[in-house]
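Engineer: With positions in the sequence shown counted from 1, the corresponding number in the working numbering is that position plus 4. Have a look at the structure that comes next, please.
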Amino acid sequence: MNVKDIGTALAQLREQAPLVVNITNYVVMNNSANALLAIGASPIMAHSREEMAEMMAFAGALVINIGTLDRTWIERMTFAVEQANDTGKVVVLDPVGCGATSLRTNSARHLAALAERLIIRGNSSEIIALAGQTSQGKGVDSQDASDAALDAAKQLVEQYQAQVVISGATDYIVNAEGIYTLNNGHPMMTRVTGTGCSLSAITGAFAAIGETSGLAAAAVMSVAGEIAAEQANGPGSLQAALLDALYNLDAETLSKRLKLSQLS
Numbered sequence: 005m006n007v008k009d010i011g012t013a014l015a016q017l018r019e020q021a022p023l024v025v026n027i028t029n030y031v032v033m034n035n036s037a038n039a040l041l042a043i044g045a046s047p048i049m050a051h052s053r054e055e056m057a058e059m060m061a062f063a064g065a066l067v068i069n070i071g072t073l074d075r076t077w078i079e080r081m082t083f084a085v086e087q088a089n090d091t092g093k094v095v096v097l098d099p100v101g102c103g104a105t106s107l108r109t110n111s112a113r114h115l116a117a118l119a120e121r122l123i124i125r126g127n128s129s130e131i132i133a134l135a136g137q138t139s140q141g142k143g144v145d146s147q148d149a150s151d152a153a154l155d156a157a158k159q160l161v162e163q164y165q166a167q168v169v170i171s172g173a174t175d176y177i178v179n180a181e182g183i184y185t186l187n188n189g190h191p192m193m194t195r196v197t198g199t200g201c202s203l204s205a206i207t208g209a210f211a212a213i214g215e216t217s218g219l220a221a222a223a224v225m226s227v228a229g230e231i232a233a234e235q236a237n238g239p240g241s242l243q244a245a246l247l248d249a250l251y252n253l254d255a256e257t258l259s260k261r262l263k264l265s266q267l268s
């Protein structure tokens with residue numbers, strides 16, 4: 005995939021306005037829903053088991069975010085992934101805090117193993133922990149450089165036949181075809197809760213229109229974050245500027261700004 009392909013995928017997303025089902029954490033429901041709306045998708049934050057089979061029959065993709073996890077949510081997430089499998093939909097797994105506790109680690113591995121069409125989007129410490137390697141996470145925050153997770157990402161690609169997106173100062177998109185790097189974004193994005201969760205949600209939107217590598221979503225989010233940081237005075241104004249940047253982003257801006265390369 006090249007920059008032109010990413011711009012084409014963005015246009016298709018806005019034309020199709022896919023419905024993305026999100027089982028996500030309480031902290032970021034509003035952020036993720038607004039990010040999806042800004043980019044042109046249609047979000048629904050659905051948690052009820054009673055409607056999930058019906059919901060996944062007409063939705064485009066399922067995003068699972070384990071940020072505020074408990075036993076009831078694990079059961080609902082499991083059922084939702086089963087329904088996504090039954091309807092051939094992509095599951096985007098955001099393993100928030102994987103490695104911090106056994107509950108999070110075991111639940112993330114269970115959901116990853118269950119999903120038949122899987123994209124994993126996490127920070128480096130989460131990706132390392134999900135693969136069973138030793139990470140240096142602090143709660144939900146990563147203490148590992150993004151390139152430190154490359155071996156773990158390759159393992160997850162093979163283990164789960166997944167696409168893997170590692171978020172960090174440099175973003176890495178890892179799949180069976182190779183590794184891409186993105187060097188956009190801004191450090192201020194780490195000072196706003198939910199930017200990674202919003203990326204996971206947008207990854208679901210692109211997956212719903214057939215772009216399942218995770219690359220287009222990471223490219224769009226990193227360029228939008230870079231633009232937003234140039235306009236913001238701090239984390240508070242960055243949140244609003246990020247939504248505006250997502251809404252106004254176009255193929256020409258992506259072409260001018262995107263720092264994309266392929267390692268292999």
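Each residue gets a CB set at the ideal place from its N, CA and C atoms; glycine is no exception.
1) Among the candidates I231, I132 and G44, whose CA atom is the shortest distance from the CA of L154?
2) In whole angstroms, give me the CA-to-CA distance for A244 and E234.
3) Of the residues L118, Q137 and T105, which one's Cα is nearest the Cα of S128?
4) Could you check if D318 is buried or exposed, using at least 16 other CB atoms within 10 Å of its CB as the buried criterion?
5) Out of curiosity, what's the CA-to-CA distance linking H190 and K263?
6) A84 to N69, Cα distance in whole Å?
7) Under three-state DSSP, which class holds T105?
8) Please classify R125 as buried or exposed, where buried requires at least 16 other C-beta atoms within 10 Å of its C-beta.
9) Starting from R195, follow its DSSP beta bridges and name the residues at the other end.
10) Suppose you measure from the CA of Q165 to the CA of V178; what does that come to, to the nearest Å?
11) Measure the beta-carbon distance from S171 to L134 and round it to whole angstroms, keeping in mind my assumption that it falls under 8 Å.
12) Count the other CB atoms, across all protein chains shown, that sit within 10 Å of the CB of S52; report buried if there are 16 or more and exposed otherwise.
13) Just to confirm my understanding: we take M81, look at its own chain, exclude 5 residues before and 5 after, and list those with CB closer than 7 Å. What are they?
14) Three-state secondary structure (DSSP) at A244?
15) What residue range is occupied by the uninterrupted alpha helix (DSSP H) comprising M60?
16) List the endpoints of the continuous alpha helix (DSSP H) containing N88.
17) With distances taken between CB atoms, is the gap from S217 to Q167 smaller than 7 Å?
18) Let me make sure I understand the geometry here. Which of A149, A37, Y251 and I231 has the alpha-carbon closest to that of R261?
19) Using 7 Å as the threshold, is the C-beta distance between G64 and A212 below it?
20) Do P22 and A149 have their C-beta atoms within less than 7 Å of each other?
21) My output table needs one value for K142: the three-state DSSP class, helix, strand or coil.
22) Considering only the beta carbon of each residue, do M193 and T199 sit closer than 7 Å?
23) Going by beta carbon distance, what residues of the same chain come within less than 7 Å of A173, once the five residues before and after it are set aside?
Structural biologist: For this structure:
1) I132
2) 12 Å
3) Q137
4) The structure shown does not extend to residue 318, since the chain is modelled only from 5 to 268, so the question has no answer here.
5) 13 Å
6) 12 Å
7) strand
8) buried
9) R195 pairs with nothing; no bridge assigned.
10) 11 Å
11) 14 Å between Cβ atoms; not a contact.
12) exposed
13) I27, I68 and L115
14) helix
15) R53 to F62
16) Looking at the sequence itself, residue 88 is Ala, so the reference to Asn does not match. R75 to D90 is the span of the alpha helix (DSSP H), which, as asked, contains A88.
17) yes
18) I231
19) yes
20) no
21) The pLDDT assigned to K142 is 48, lower than 50, so where the model puts this residue is not dependable; a value taken from the coordinates is nonetheless given after this. In the structure shown, K142 sits in a strand (DSSP, three-state: E or B).
22) yes
23) S150
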